[in-house]
């Protein structure tokens, strides 16, 4: 299904930022060369791309279509994914709050930023695995093949209506910058 392939490709971008976030957390613990602004920029990416572009496609389109075709929202895989999306949002809210406190000079907040970042990374890696290997194949079986091509078109429409032209490219550049800032030479 083309729509789930789009989501899988977006997962790859998100995973690159997860790798970068994990490296940044490690650098904070080892030598402190990464500052709070890095985590605030990572949160901007997560809120804008992972949550704003990606999760909206899942929540507003894919999950809705799955539910129309008999996949239960409550007590089923969709409910689990929605719950994990909310857990991720909470982890990012906490990471932002602690990064701002770190910016304001609260030295102990940096360790909380590291903890929040690692919690988010762990949550999202498991979440992505479940979506790629369980939920998306389930969606491909649940949604009739004749209806599947329209999902990708609806994804494109949603992204342009919700976020605007060129926003995808903006977030790809942020993901690349975040990774290059902490990756080993």
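Residue numbers (this note's numbering): 1 to 185. The C-beta atom is built at its ideal place from N, Cα and C for all residues, glycine as well.
Quick one: measure Cβ to Cβ for residue 71 and residue 142, integer angstroms, because I've assumed they're closer than 8 Å.
5 Å
Own chain, CB closer than 6 Å to residue 127, minus 5 neighbours either side, in chain order
84
Quick check on residue 183: does DSSP put it in helix, strand or coil?
coil
Neighbourhood of residue 158 by C-beta, 8 Å cutoff - its chain only, sequence neighbours within 5 removed
56, 57, 60, 61
Please identify the residue among 17, 9, 21, 6 whose C-alpha is closest to the C-alpha of residue 115.
21
Just to confirm my understanding: we take residue 102, look at its own chain, exclude 5 residues before and 5 after, and list those with CB closer than 7 Å. What are they?
36, 109, 110, 113
Please report the straight-line C-alpha distance between residue 120 and residue 149, rounded to a whole angstrom.
32 Å
Please determine, among 100, 153, 67, 138, the residue with the shortest C-alpha to C-alpha distance to residue 38.
Nearest of 100, 153, 67, 138 to residue 38, Cα basis: 100.
Compute the beta-carbon to beta-carbon distance between residue 34 and residue 182, rounded to the nearest angstrom, for a pair I have assumed lies under 8 Å.
6 Å
Span separating the alpha-carbon of residue 167 from that of residue 152
Answer to the nearest angstrom: the Cα atoms are 17 Å apart.
Whose CA, out of 31, 27, 45, 134, lies closest to the CA of residue 177?
Comparing Cα-Cα distances from residue 177 to each of 31, 27, 45, 134, the minimum goes to 45.
Take residue 179 and list the residues in its own chain whose beta-carbon comes closer than 6 Å to its own, dropping the five residues that flank it on each side.
Contacts found: 16, 20.
Would residue 124 and residue 14 qualify as a contact pair, given that the criterion is a beta-carbon distance under 8 Å?
yes
In three-state DSSP terms, what is residue 76?
coil
Would you give the residue range spanned by the alpha helix (DSSP H) that residue 119 belongs to?
DSSP places residue 119 in the uninterrupted alpha helix (DSSP H) bounded by 109-130.
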